[in-house]
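Visitor: What follows is a single structure, and I will ask about it in a moment.
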Amino acid sequence: MIKQIEEKEFHQMYLIHGAEDLLILEAQDEIRSNAYNLGFTERSRFYFDARSNWDGVFAELKSPSLFAEKKIIEINLPLGRPGKTGSVALLELMEIITDDHLLILICGKLEKSVTNTKWFKAFSARAQVIECKKVYPSQMGGWISRRLRDKGLSIDKDALAMFVALTEGNLFAVMQSIDRLMLMGIDQRVSLEDVNDCVADGAHFDLFQLTEAAISSNSTRTFNIFKRLQKEGMQPFEVMRVINWEIKNLFSMSLDISCGNSIKQSMNRAKIWQSKQQLIGNFLNQVNHQYMESILGQACSVDKVIKGAAAGNSWDEIGRLLYMIANPMRKTA
Numbered sequence: 021m022i023k024q025i026e027e028k029e030f031h032q033m034y035l036i037h038g039a040e041d042l043l044i045l046e047a048q049d050e051i052r053s054n055a056y057n058l059g060f061t062e063r064s065r066f067y068f069d070a071r072s073n074w075d076g077v078f079a080e081l082k083s084p085s086l087f088a089e090k091k092i093i094e095i096n097l098p099l100g101r102p103g104k105t106g107s108v109a110l111l112e113l114m115e116i117i118t119d120d121h122l123l124i125l126i127c128g129k130l131e132k133s134v135t136n137t138k139w140f141k142a143f144s145a146r147a148q149v150i151e152c153k154k155v156y157p158s159q160m161g162g163w164i165s166r167r168l169r170d171k172g173l174s175i176d177k178d179a180l181a182m183f184v185a186l187t188e189g190n191l192f193a194v195m196q197s198i199d200r201l202m203l204m205g206i207d208q209r210v211s212l213e214d215v216n217d218c219v220a221d222g223a224h225f226d227l228f229q230l231t232e233a234a235i236s237s238n239s240t241r242t243f244n245i246f247k248r249l250q251k252e253g254m255q256p257f258e259v260m261r262v263i264n265w266e267i268k269n270l271f272s273m274s275l276d277i278s279c280g281n282s283i284k285q286s287m288n289r290a291k292i293w294q295s296k297q298q299l300i301g302n303f304l305n306q307v308n309h310q311y312m313e314s315i316l317g318q319a320c321s322v323d324k325v326i327k328g329a330a331a332g333n334s335w336d337e338i339g340r341l342l343y344m345i346a347n348p349m350r351k352t353a
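The letter at position 58 of the sequence shown is residue 78 when you use my numbering, and the numbering goes up by one with no holes.
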């Protein structure tokens, strides 16, 4: 994926989309780093959906920079559905940005109905497109091995199998585990004992279990884990990375179900691991898509507080989010 960025020519517009949040974040970081070296030191971020007003973006483009610096304009459009107003706005934005602007459009996984739209075709024709494809269960072992190799580590076969089983396709969990392995000062080769010590023990494993407890509607266990993570020094952004990953999957599946597909079909389309299908299926059977939109909205609010874009206490907002997940609004007839 990073190879799509490592080109001689730096682009004025980027479109990042795909199924893997970690890879999307890594792509953003790489682009920002390159842009900073070219003088793009100011950054403005916007979060839009089909009902949003886009006037703020145009105002930002027209406003002079305080220090005459180049600007990065980031537009987050999770579902890739800007609506009629947003579609027109995107087409207009492409025509008015100058050399002092870098426009980054960030979407999640896009359906074919989105990639066939006029705005997408026009934007992708002029922008550098970076697709962050899903890493499937059959690919996880190879993906983990490559990431370890990038850090100068190799891994025993049995240790790799355990690593894959414990992280269950969560790339954030994988990278957090690799970071811990590096802190352990392992000498080149990762053993089964190393994986057991790092991934399956302590606060790090609690983090993996937090969303599982919430999705299973076990409020007591959820908040016991939550409080323990706070006491043991886990940072809010680390907790939210894992929660956001789970919410994105649940939201996508609930949308699929609202379009007439069965829960089983939706889980298969999302490539949910067999070991988690009963847990996820039970949750999806309890909630409707409107409630999932509320959960996603609260997750966005938490992210804004963590990043300083909104007032509030990060831990309190995460607690509210976990309560919403662990105590779902039941489906109504």
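Note that the Cβ used here is the ideal one computed from N, Cα and C, for glycine as well.
1. Using DSSP with H/G/I as helix, E/B as strand and the rest coil, what is N57?
2. By Cβ distance, which residues of its chain are closer than 7 Å to L212, with the 5 residues on each side in sequence left out?
3. Determine the extent of the beta strand (DSSP E) in which C320 is found, giving its start and end residues.
4. Look up L186 in the DSSP assignment and say whether it is helix, strand or coil.
5. For L7, which three-state DSSP category applies?
6. In terms of DSSP beta bridges, what is K90 paired with?
7. Pick helix, strand or coil for L180, following the three-state DSSP scheme.
8. Starting from Y34, trace the beta strand (DSSP E) both ways and give me its first and last residue.
9. Flag this pair as touching only if the region 26-45 and the region 111-131 have three or more C-beta atom pairs under 8 Å; answer yes or no.
10. Give every residue of the same chain whose Cβ lies closer than 8 Å to the Cβ of I338, excluding the five residues on either side of it in the sequence, and list them in chain order.
11. To the nearest angstrom, report how far apart M344 and N96 are at their CA atoms.
12. Does the beta-carbon of L203 have 16 or more other beta-carbons within 10 angstroms, so that it is buried, or is it exposed?
13. Leaving out five residues on either side along the sequence, give the residues of the same chain with a beta carbon under 6 Å from the beta carbon of S286.
14. Roughly how many whole angstroms lie between the Cα atoms of N238 and A346?
15. Below 8 Å, how does it come out for the region 69-79 and the region 327-338: are there three or more Cβ pairs, yes or no?
16. Could you compute how far the alpha carbon of L81 sits from the alpha carbon of K154?
17. Report yes if the CB atom of R209 is closer than 8 Å to the CB atom of S165, and no otherwise.
18. Rank I300, L122, N244, K90 by C-alpha distance to the C-alpha of K356 and give the top, closest one.
19. Helix, strand or coil for M158 per DSSP?
20. What does DSSP give as the partner residues of V149 in its beta bridges?
21. Using the three-state DSSP reduction, which class does I126 fall into: helix, strand or coil?
22. For K129, count the other beta carbons within 10 Å of its own beta carbon; 16 or more makes it buried, fewer makes it exposed. Which is it?
23. Can you check whether the CB of E131 is closer than 8 Å to the CB of W293?
24. Expressed to the nearest angstrom, what Euclidean distance is found between the alpha-carbon atoms of H386 and I92?
25. Might you give, ordered along the chain, the residues of its own chain that have their beta carbon closer than 8 Å to the beta carbon of T137, omitting 5 neighbours on each side?
26. Would a C-beta distance cut-off of 8 Å place T242 and E266 closer than the cut-off?
27. CB-CB under 8 Å to R101, same chain, minus the five flanking residues each way: which ones, in chain order?
28. So L110 and W139 are in contact, right, with Cβ under 8 Å, and what is the actual spacing, rounded?
29. Suppose the cutoff is 6 Å on Cβ atoms and the five residues either side in sequence are ignored; what does the same chain contact list for I126 look like?
30. If I measure Cβ to Cβ from K28 and keep anything under 7 Å in the same chain, skipping five residues before and after, which residues do I get?
Guide: Judging by the given coordinates:
1. helix
2. D176, D178, A179, M182
3. Per DSSP, C320 belongs to no beta strand (DSSP E); it is in the alpha helix (DSSP H), 309-326.
4. helix
5. Nothing about residue 7 can be read from this structure; the chain reaches only from 21 to 353.
6. F60
7. helix
8. 33-38
9. yes
10. F246, P256, V259, M260, I263, V322
11. 24 Å
12. exposed
13. M273, D276, I277
14. 6 Å
15. no
16. 33 Å
17. no
18. Not covered by the structure: residue 356. The range shown for the chain is 21 to 353.
19. According to the sequence shown, residue 158 is Ser rather than Met. Helix.
20. L35
21. strand
22. buried
23. no
24. In this structure the chain extends from 21 to 353, so residue 386 is not present and cannot be described.
25. S107
26. no
27. D69, A70, V134
28. 5 Å
29. I36, N96
30. With a pLDDT of only 49 at K28, under 50, the local geometry of the prediction cannot be trusted, and no value is derived from it.
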